[in-house]
Amino acid sequence: MESQSKSRMDMAAARGEVKVVERLPKAVRRPELLLRTLALVLTLAAAVMVGVSKESKTVSVPISQSFTLHVRATAKWQYMSAFVYFLVSNAIACSYAATSLTYIAVTGAARSTKAALAINVLDMVMMGLLLSASGASGAIGVIAQHGNSHVQWNEVCHEFSSYCYQMAAAFVLCLVSSLTFLLLAVLYVMDLHKKAMSR
Numbered sequence: 025m026e027s028q029s030k031s032r033m034d035m036a037a038a039r040g041e042v043k044v045v046e047r048l049p050k051a052v053r054r055p056e057l058l059l060r061t062l063a064l065v066l067t068l069a070a071a072v073m074v075g076v077s078k079e080s081k082t083v084s085v086p087i088s089q090s091f092t093l094h095v096r097a098t099a100k101w102q103y104m105s106a107f108v109y110f111l112v113s114n115a116i117a118c119s120y121a122a123t124s125l126t127y128i129a130v131t132g133a134a135r136s137t138k139a140a141l142a143i144n145v146l147d148m149v150m151m152g153l154l155l156s157a158s159g160a161s162g163a164i165g166v167i168a169q170h171g172n173s174h175v176q177w178n179e180v181c182h183e184f185s186s187y188c189y190q191m192a193a194a195f196v197l198c199l200v201s202s203l204t205f206l207l208l209a210v211l212y213v214m215d216l217h218k219k220a221m222s223r
């Protein structure tokens with residue numbers, strides 16, 4: 025019986041009487057799920073990497089030409105407000121990525137247009153938040169790497185090299201995660217374009 029109705033539809037489609045549109049019922053788009061999972065992993069890794077970064081060393085501080093003081097110094101993310109902002113921003117983006125991933129996995133393609141628009145706006149907000157955090161921590165990283173002779177700030181990365189490498193790796197992860205949120209926004213715009221063209 026099914027084969028008869030199928031052949032009738034094929035014949036009608038051949039005569040131009042019926043428009044046959046085949047769509048695979050996808051509950052969730054895979055690229056979106058993959059990008060959200062990637063954003064979740066990257067922001068989590070960046071936040072953890074900054075949160076555990078700590079290095080202690082004995083630093084030589086020249087007091088005069090004949091006297092040098094040896095001081096135990098520690099580099100921690102809590103000591104710089106830019107790194108605190110970086111950690112908090114990645115934690116917020118990670119929480120959002122987990123929440124949006126769960127929501128999209130549960131609702132699938134059945135979510136409303138308003139919900140999809142809200143998710144897209146929040147994706148752009150997360151991208152802006154992560155880019156601003158990267159900019160703030162990147163500026164401090166450049167000063168830590170090269171110093172600033174105008175205000176007599178010395179470079180510290182030659183003393184705390186592993187700390188600086190960890191922060192640089194977290195910086196790269198944060199940049200990649202912000203690009204992931206940008207790709208999610210581009211996917212949404214492409215979907216809107218497809219819907220507008222199909223009408």
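Under the working numbering, the letters of the sequence shown match residues 25 to 223, in that order.
We put the CB at the ideal spot given by N, CA and C, even for glycine.
Quiz item: So, are the CB atoms of ALA71 and PHE205 less than 8 Å apart?
Solution: no
Quiz prompt | Inter-residue spacing [alpha-carbon to alpha-carbon] between LEU154 and VAL145 | solution = Approximately 14 Å, taken between the alpha carbons.
Quiz item: Of all the options SER77, VAL213, LYS81 and VAL149, which has the alpha carbon lying nearest to the alpha carbon of ALA121?
Solution: The option with the nearest alpha carbon to ALA121 is VAL149.
Quiz item: Any idea what DSSP makes of GLU79, helix, strand or coil?
Solution: Reduced to three states, the DSSP call for GLU79 is strand.
Self-check item: Alpha-carbon to alpha-carbon, MET221 and TYR109
Solution: 42 Å
Quiz item: Between PHE107 and SER158, which are expected to be in contact by the criterion C-beta below 8 Å, what is the C-beta distance as a whole number of angstroms?
Solution: Between SER158 and PHE107 the Cβ distance is about 12 Å, and since that is not below 8 Å, they are no contact.
Quiz item: Can the beta-carbon of ILE128 be found closer than 8 Å to that of LEU66?
Solution: no
Quiz item: Can you name, in chain order, every residue of its own chain whose Cβ lies under 7 Å from the Cβ of ALA69, other than the five neighbours on each side?
Solution: LEU197
Practice problem: Would you kindly work out how many angstroms separate the C-alpha atoms of HIS174 and ILE167, rounded to a whole number? | Solution: 11 Å
Quiz prompt | Inter-residue CB distance, MET191 and SER77 (contact presumed, cutoff 8 Å) | solution = 6 Å
Self-check item: Delimiting residues of the alpha helix (DSSP H) encompassing VAL145
Solution: Residues 137-170.
Quiz item: So ARG96 and SER80 are in contact, right, with Cβ under 8 Å, and what is the actual spacing, rounded?
Solution: 6 Å
Self-check item: Nearest neighbour of VAL112, chosen from LEU59, THR61, ARG54 and VAL74 [CA to CA]
Solution: Nearest C-alpha to VAL112 among LEU59, THR61, ARG54 and VAL74: VAL74.
Quiz item: How many Å lie between LYS100 and THR92 at the Cα?
Solution: For LYS100 and THR92, the distance between alpha carbons rounds to 24 Å.
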